[in-house]
Amino acid sequence: MAGVDISWKSPVFSEVVWRQAVTTHATNFVHKDRNKSLSDYQAIRQELGAAKVLVETLRPWRVELAARLDELWRAGKPQSEILISRTEFKVHAAEVANKVAAAALTVTGGYGYHRGPIERSFRDARAAIAMGPRM
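Just so we're aligned, residue 272 is where the sequence shown starts under our numbering, counting upward by one.
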């Protein structure tokens with residue numbers, strides 16, 4: 272994809288955050304008294320499922336924009352022809368990243384606030400909201 276820029280970072284970022292919350296904490300953290308992982312609880316699964324749906328909403332839009340950017344590049348036309356679509360995508364992707372990071376914090380509880388990938392993801396997602404249109 273010739274014309275791809277930093278706007279593709281948020282969707283990938285959202286998926287990485289979602290996977291971190293699911294694979295590293297929700298499935299590995301086991302309550303000793305009940306011998307159940309966090310992912311065994313319905314409320315946790317619903318929170319993670321909602322985050323996954325948000326992440327998946329980005330994929331078709333990203334693929335469509337990439338195809339349009341490739342067409343413009345091959346035709347020698349400027350990317351500015353789809354500036355509004357790209358900006359809308361960036362803003363939506365930043366909002367999704369923020370919601371997914373917030374869901375990761377909710378699922379992981381206090382653990383998510385410790386210095387680490389989830390805490391960093393939340394800070395980055397919050398910054399992406401402000402920077403989204405200017406990326």
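Glycine included, C-beta positions come from ideal geometry on N, C-alpha and C. On a predicted model such as this, the values are computed, not experimentally measured, just so you know.
What does SER308 pair with, by DSSP beta-bridge criteria? Residue numbering aside, residue 308 sits at position 37 when the sequence shown is read from its first letter. Answer by DSSP bridge pairing, in chain order: VAL301.
Less than 8 Å separating the beta-carbons of LYS370 and LEU319? Your numbering for residue 370 matches position 99 in the sequence shown. Your numbering for residue 319 matches position 48 in the sequence shown. Contact: no.
Which one of SER308, ALA396, THR298 and ARG339 has the shortest CA to CA distance from ALA364? Taking the first residue of the sequence shown as 1, we reach residue 364 at position 93. Closest by C-alpha distance to ALA364, out of SER308, ALA396, THR298 and ARG339, is ALA396.
Confirm, please, whether the CB-CB distance from LEU336 to ARG357 is below 8 Å. Within the sequence shown, numbered from 1, the residue matching residue 357 stands at position 86. Within the sequence shown, numbered from 1, the residue matching residue 336 stands at position 65. Cβ distance < 8 Å, so ARG357 and LEU336 count as in contact.
When you compare the stretch 374-382 with the stretch 304-318, are there three or more beta-carbon pairs, one atom per stretch, that lie closer than 8 Å? Two segments are said to touch when three or more pairs of C-beta atoms, one from each, lie closer than 8 Å; by this definition the stretch 374-382 touches the stretch 304-318.
What does a CB cutoff of less than 8 Å around ARG316 pick up in its chain, not counting 5 residues either side in sequence? Mapped onto the sequence shown, residue 316 falls at position 45. Closer than 8 Å at Cβ, skipping near neighbours: SER310.
If you draw a straight line from the C-alpha of PHE360 to the C-alpha of PRO349, how long is it? Within the sequence shown, numbered from 1, the residue matching residue 360 stands at position 89. Within the sequence shown, numbered from 1, the residue matching residue 349 stands at position 78. Between PHE360 and PRO349, the C-alpha separation is close to 18 Å.
In whole angstroms, what separates the C-alpha of HIS302 from that of GLU366? Counted from its first residue, the sequence shown places residue 302 at position 31. Counted from its first residue, the sequence shown places residue 366 at position 95. Taking the straight line joining both Cα atoms gives about 32 Å.
Please classify HIS296: is it buried, with 16 or more other beta-carbons within 10 angstroms of its beta-carbon, or exposed? Translated into positions along the sequence shown, residue 296 becomes position 25. Burial call: buried.
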